[in-house]
Amino acid sequence: MAQPGQKAGKPNRGPGGAAGNRAALITAAREVFAEFGVHAPISWVARRAGVGQAVLYRHFPDRQSLGMAVFEENLRSLEELVARPDTTFDDLIQTMIDQLVSSKAFFVIMQPTAPDVRFAAMVDRMTVVLDSKLVQAKATGAIRADIAVEDLQLGLDMMAAYLSLSDTPDRAGVAQRLWRLLRAGLGGF
């Protein structure tokens, strides 16, 4: 009988399939953690990806490394989004909210227990992403001029923390309510 996270067996991709294995593991991690939560056995991720646990640990030595890889993908998609000239502050925030709603577990995984250079670098990149559209929103009057990017990050972190702890079936609705509250504080209406 198939266990949670299991997919039909796939042929061994061999050494030449390392990039494909890594991509499959990241996709599987996103799915398994969204479906079963942050504490789902990572062996389920390997099964869902169609690889053995040795392949999983070769790419990701621990749960946090796997979470960082998923977060890296999310961050890259946000960087691509803000690079487009037609992207607004609201487009960016809505995409981030969508990521938070679908990636409940990753806020928990992404809290390093000790200083982590990789995590700090991602936070720096996220600051650049947020600031690029915050500057535009402030210039148009959509956001108060005294709001700093750190204020926005703090609000989004609070929203992510709440969503990571909430078991509500209407996560998307709750996320939108939280954003409306935060947006009102930013002067965005």
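Once you know that position 59 of the sequence shown is 59 in our numbering, the rest is easy, because the numbers rise by one and skip nothing. For each residue, glycine too, the CB sits at the ideal point set by N, CA and C.
Check, Outcome
"Taking the CB atoms as reference points, tell me whether LEU178 and MET96 lie closer together than 8 Å.", "no"
"Pick out the complete alpha helix (DSSP H) segments inside the segment 138-171, 4 residues or longer, and give them in chain order.", "149-165"
"Roughly how many whole angstroms lie between the Cα atoms of LEU186 and PHE71?", "26 Å"
"Can you check which of these residues, ARG171, SER166, VAL45, is closest to ALA29 by C-alpha distance?", "VAL45"
"Between the segment 77-91 and the segment 57-67, do three or more beta carbon pairs fall short of 8 Å?", "no"
"Grab the span of the alpha helix (DSSP H) containing HIS59 for me, first residue to last.", "53-59"
"Within 10 angstroms of its Cβ, does GLN99 collect 16 or more other Cβ (buried), or is it exposed?", "buried"
"On the three-state DSSP scale, how would you describe ALA23?", "helix"
"Alpha carbons only, please: which of VAL82, ASP124, ASP170, SER103 is nearest the one belonging to PHE33?", "SER103"
"Quick one: what does DSSP say SER103 is sitting in, helix, strand or coil?", "coil"
"Does the contact criterion of 3 or more C-beta pairs under 8 Å hold for the segment 147-156 versus the segment 120-137?", "yes"
"Give me the residue from ALA49, VAL38, GLY37, GLU35 with the minimum Cα distance to GLY17.", "ALA49"
"Straight-line CA distance for GLN153 to LEU78?", "15 Å"
"Can the beta-carbon of ARG171 be found less than 8 Å from the beta-carbon of VAL101?", "yes"
"Would you mind reading off the limits of the alpha helix (DSSP H) that contains ALA83?", "63-83"
"As a quick exercise: from ILE26, ALA139, VAL129, GLY37, pick the residue whose alpha carbon is nearest that of LEU163.", "GLY37"
"Going by alpha carbons, who is nearest to GLU35 out of ALA160, ASP116, PRO169?", "PRO169"
"Note down the Cα distance separating LEU182 from LEU165, rounded to an integer number of angstroms.", "18 Å"
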